[in-house]
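Asker: Residue numbers (the numbering used here): 1 to 318. Glycine is no exception: its CB is placed at the ideal position from the N, C-alpha and C atoms. In this text, all values refer to a predicted model and were calculated from it rather than measured experimentally.
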Amino acid sequence: PWSTLLRTFLREPKQHQHKVQTQIHGKPRWFNLHKAAIADKPTNDHNRREPFWASVVILLEDLTELQLLETELAHSERLASIGRLAAGVAHEIGNPVTGIASITQNLKYETEPQIITESLDDILEQTRRINDIVQSLLTFSHGGALPAHGFTSFALNRCVDEAIRLVRLSQTGKRLEFNNHCPPHLQISADRQHLLQVFVNLLTNACDASSPGGTIEVSAELENADVAQTDHVLIQVRDQGSGIPVELMDRIFEPFFTTKDPGKGTGLGLPLVYNIVRDHGGMIWVDAMYKQGTRFYIKLPVRQPSESTALMTLPAGQ
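(1) If we ignore side chains and look at the alpha-carbon of each, how far apart do glycine 293 and valine 218 end up?
(2) Are aspartate 208 and lysine 260 closer than 8 Å when you measure CB to CB?
(3) How far does the alpha helix (DSSP H) with valine 198 in it reach, from first residue to last?
(4) Could you give the distance in angstroms between the alpha-carbon of leucine 270 and the alpha-carbon of glutamate 254?
(5) Where does phenylalanine 178 fall in DSSP's three states?
(6) What three-state label does DSSP hand arginine 303 in the structure shown?
(7) Expressed to the nearest angstrom, what Euclidean distance is found between the alpha-carbon atoms of serine 119 and leucine 107?
(8) Quick check on tyrosine 274: buried or exposed, where buried means 16 or more other Cβ atoms within 10 Å of its Cβ?
(9) Tell me the rounded alpha-carbon separation between threonine 152 and valine 277.
(10) Go through its chain and collect everything with a Cβ distance to histidine 18's Cβ below 7 Å, but skip five positions before and after it.
(11) In the DSSP assignment, find the alpha helix (DSSP H) that holds aspartate 161 and state where it starts and stops.
(12) Nearest-angstrom Cα distance between cysteine 182 and proline 13?
(13) So, is arginine 251 buried or exposed, given that buried needs 16 or more other C-beta atoms within 10 angstroms?
(14) With distances taken Cα to Cα, identify the nearest neighbour of valine 160 among Asn131, Asn201, Leu124.
(15) Could you check which residue in Asp287, Ile133, Phe154 has the C-alpha nearest to that of valine 246?
(16) Across which residues does DSSP place isoleucine 252 in a beta bridge pair?
(17) Report the option in His16, Ile24, Gly26 whose CA atom is closest to the CA atom of lysine 35.
(18) Once the 5 residues before and after phenylalanine 154 are set aside, which same chain residues still bring their CB inside 6 Å of it?
(19) Mark valine 233 as exposed unless 16 or more other C-beta atoms lie within 10 angstroms of its C-beta, in which case mark it buried.
(20) By the three-class DSSP mapping on this structure, what secondary structure does isoleucine 115 have?
(21) Identify the residues that DSSP records as bridge partners of phenylalanine 257: which are they?
(22) Does the distance from the CB of isoleucine 123 to the CB of isoleucine 103 come in under 8 Å?
(23) Is leucine 203 closer than 8 Å to glutamine 163 when the C-beta atoms are compared?
(24) Nearest CA to the CA of aspartate 62: which residue from Thr22, Gly213, Ala220?
(25) Apart from the five residues on each side of it in sequence, which residues of its chain come closer than 7 Å, Cβ to Cβ, to glycine 144?
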């Protein structure tokens, strides 16, 4: 595996690669890779316009233990989120089940074909509703480390909708309003399950900070291409809640730091969000004023960088 890993890295034009995954003795390992070319000694050959690369130095950082800890952190936070959703799931599934039972009892005495057909359609609609809830929870609960090249293209708007649907399950008493302003046509290349976790965590925090009847908004816009010709999307998650005190702003992404009451927060949600955004090559920052609401900004590349076949020129025998 070392030969393949190093040859692939040498072909890359990038000088650094973050969290490259490979298999060693049948087990996954993660590395940061760095390289630097060492030029040959200067000569009096004035016809040579470019330096002659005599050798390359490659540095490998073993991140396996750190990656396993981050995966465990993500799993713990996901379990905590599922626990918060459990009561809401029971309530949301209970409603359509009660409806199905009521319709079925009435069907025992119904003889009109049209009413029977309509009742059966109602039962099917309620079962679809239950299935949507269960599938959303299954999708959210499935997790693990970010795959090396496991990014897929999907509509950002639908991912936000699913996160809102999940968060509603644990916020049935506050009557909050959720507005999804992400353009329906905006596609992004990312790990969908992990991005769903990002939105669930941010929306849950927004709910906890909001008063009953408050509004939470998610919006996104495409930014102009940068020097690398890679478009980025800027996402905002806004609430009208209690905000964050200025003296705590620099600590909100620290593990186990929370502003919530004891027993109501793990202090793992925002660090997990930060790690996921970073692993997607993105950035996250916050703008908040105490008692005046909070805005989280996420900047992500719309497309992940494509593989390159450029090869650094080395002398024969190197």
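Answerer: Put simply:
(1) 14 Å
(2) yes
(3) 192 to 209
(4) 8 Å
(5) strand
(6) coil
(7) 8 Å
(8) buried
(9) 15 Å
(10) Asn32
(11) 156 to 169
(12) 34 Å
(13) exposed
(14) Asn201
(15) Asp287
(16) Looking at the DSSP assignment, isoleucine 252 forms no beta bridge with any residue, so it has no partner.
(17) His16
(18) Arg192
(19) buried
(20) helix
(21) Paired residues: none, contrary to the question.
(22) yes
(23) This sequence places alanine at residue 163; glutamine is not what is there. Going by C-beta atoms, alanine 163 is nearer than 8 Å to leucine 203.
(24) Thr22
(25) Because glycine 144 carries a pLDDT of 47, less than 50, the predicted location of this residue cannot be relied on, and the following value inherits that uncertainty. Excluding sequence neighbours, glycine 144 sits near Thr71.
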